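Note sheet for the following structure.
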Amino acid sequence: MAVLELDDLSKSYGAVRALRSTSFQVRAGEIFGFVGSNGAGKTTTMRITLGVLTPDTGEVRWAGRPIDHATRSRIGYMPEERGLYPKMKVGEQLTYLARLHGLGAAQARSSMERWTETLGVDGRRDDEVQKLSLGNQQRVQLAAALVHEPDILVLDEPFSGLDPVAVDVMSGVLRDRARAGVPVIFSSHQLELVEAISDRVGIIKDGSMVAVGGIDELRQVGAPRWAVTTAVTTPVTTAGDDDTAWVSDLPGVRAVGSEQVRRAGGAATRVEFETTHEGSEQAVLARATSRGRVEHFGRVTPTLTELYRDVVSAEGSDDSPDDTDGDEATTEVTS
Ligand SMILES: Nc1ncnc2c1ncn2[C@@H]1O[C@H](COP(=O)(O)OP(=O)(O)OP(=O)(O)O)[C@@H](O)[C@H]1O
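Counting from -3, one number per residue, gives the positions in the sequence shown under our numbering.
See below:
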């Protein structure tokens, strides 16, 4: 299966180290969500993939071979800064872009028709791009990335500013392209959306990949997290009081937070904890049972937002641009 390989990419802009030995892969037919804080290095990575920026070290390969001019023309790219001609009509512009990528006149026209229909802007073909709303301009921008039927899709924040219907349309198109065997890489700050549509996710921080893998796989990294909710008959004191000591003093257990819920006829306490030894959650359950009626006990599945916060706020953060220390370890989970 063809794989897009980004191998050991480094890039500095003067004193700013934008990428530090960044490596990851995107397989054919896979949607890869690329996330990271502002300035983490996503756009730089995408521009290098497209070949508009040259890395200081490393290379990008497609199907085992370094990306050359011919392969580059097979990439559909949606740049963050967008790049349509505002005064050109939608239909003309898309047909023109398809022809630039080598499609014949009839093929370019039918591809333009197909993508404007799929993306719901077929009624705007004769309008200048600048007359469209920002969301519709973005749909046209995606059509521009797709109109030459690319083998690889690289999309820089394609969802930013879209309404929920447009998000659904865009997600559907990405899924459809992936099903057709295209590797799709997209960046986004909308982590719930990334979680919903990505097959794999990469988290970049200060130019280094700090986690790469399927979301379920990334969830397995780190200590398992649990929650226990116990009904308590004794009145709960001030909300926010620490009620985790009964959990924390058990071996192999670390309480990470608690919550108290008042309600008619009593209250309940929910404590979240991590286990560092297999089976130590059973000791928590036994103790909870001795304290009151256990209403709920189970594993907590972190969301991508929680995973992201964990890895991005992990120790070792250094935002100084001229930092020259070593690279951070990547949590690589491959399936
Ligand atoms: N042309 C440039 N000249 C100098 N510095 C640059 C240039 N382009 C990017 N940078 C710097 O490189 C770092 C990485 O920027 P990049 O645009 O790749 O981040 P990003 O993850 O895409 O951010 P965002 O989420 O804000 O779009 C940042 O510190 C940025 O300021």
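Beta carbons are placed, not taken as given, at the ideal position from N, Cα and C, and that holds for glycine.
Please read all numbers here as calculations on a predicted model, not as lab measurements.
What does DSSP give as the partner residues of Thr18 in its beta bridges? Leu5
Determine the direct distance from the alpha carbon of Phe30 to that of Ala235, and round the result to whole angstroms. Only weak support exists for where Ala235 lies, its pLDDT of 48 falling under 50; the coordinates are left without a value.
Since Gly288 and Val228 are thought to touch, with beta carbons under 8 Å apart, how far apart are those beta carbons, to the nearest angstrom? 5 Å
Rounded to a whole number of angstroms, what is the C-alpha to C-alpha distance between Arg259 and Thr226? 13 Å
Could you check the C-alpha separation between Pro62 and Ala251 for me, to the nearest Å? 49 Å
Return the CA-CA distance between Met205 and Ile199, expressed in angstroms with no decimal places. Each residue's Cα considered, the two are about 6 Å apart.
Alpha carbon to alpha carbon, how far is Phe28 from Ala176? Each residue's alpha carbon lies about 15 Å from the other.
Best match in Thr265, Gly116, Val308, Gln134 for proximity to Phe293 [C-alpha to C-alpha]: Among Thr265, Gly116, Val308, Gln134, the Cα nearest to that of Phe293 belongs to Thr265.
Reduced DSSP secondary structure (H/G/I, E/B, other) of Thr225: strand
Among residues of its own chain, excluding the 5 on either side of Gly98, which ones have a beta-carbon nearer than 8 Å to its beta-carbon? Ser69, His144
Sub-8 Å separation of Ser6 and Leu0 beta-carbons: no
Determine, using beta carbons only, whether Arg105 and Thr112 come nearer to each other than 8 Å. no
Hey, how far is the Cα of Glu270 from the Cα of Lys38? 32 Å
Judging by CA-CA distance, which residue of Met42, Asp202, Pro247 is the nearest neighbour of Gly275? Pro247
Kindly list the residues whose CB is nearer than 7 Å to the CB of Ser331, restricted to its own chain and excluding five residues on each side of it in sequence; keep chain order. Because Ser331 sits at a pLDDT of 42, beneath the cut-off of 50, its placement in the model cannot be relied upon, and the following sentence gives the value as read from the coordinates. Leaving aside the five residues that flank Ser331 on each side, the residues in its chain whose CB is nearer than 7 Å to its CB run, in chain order, Gly210, Glu213.
On a CA-only basis, which of Tyr81, Ile181, Gly157 is nearest Leu2? Give me that one, please. Taking the Cα of Leu2 as reference, the smallest distance to any Cα among Tyr81, Ile181, Gly157 is reached at Ile181.
Which same chain residues end up closer than 6 Å to Arg135 when comparing Cβ atoms and leaving out the 5 residues on each side of it in sequence? Leu115, Val117
Of all the CB atoms in chain B, is at least one closer than 8 Å to the CB of Lys127? The structure shown has no chain B; it contains just one protein chain.
Would Leu90 and Met74 qualify as a contact pair, given that the criterion is a beta-carbon distance under 8 Å? The Cβ atoms of Leu90 and Met74 lie no closer than 8 Å to each other.
Per DSSP, Arg13 is paired with what? Ser8
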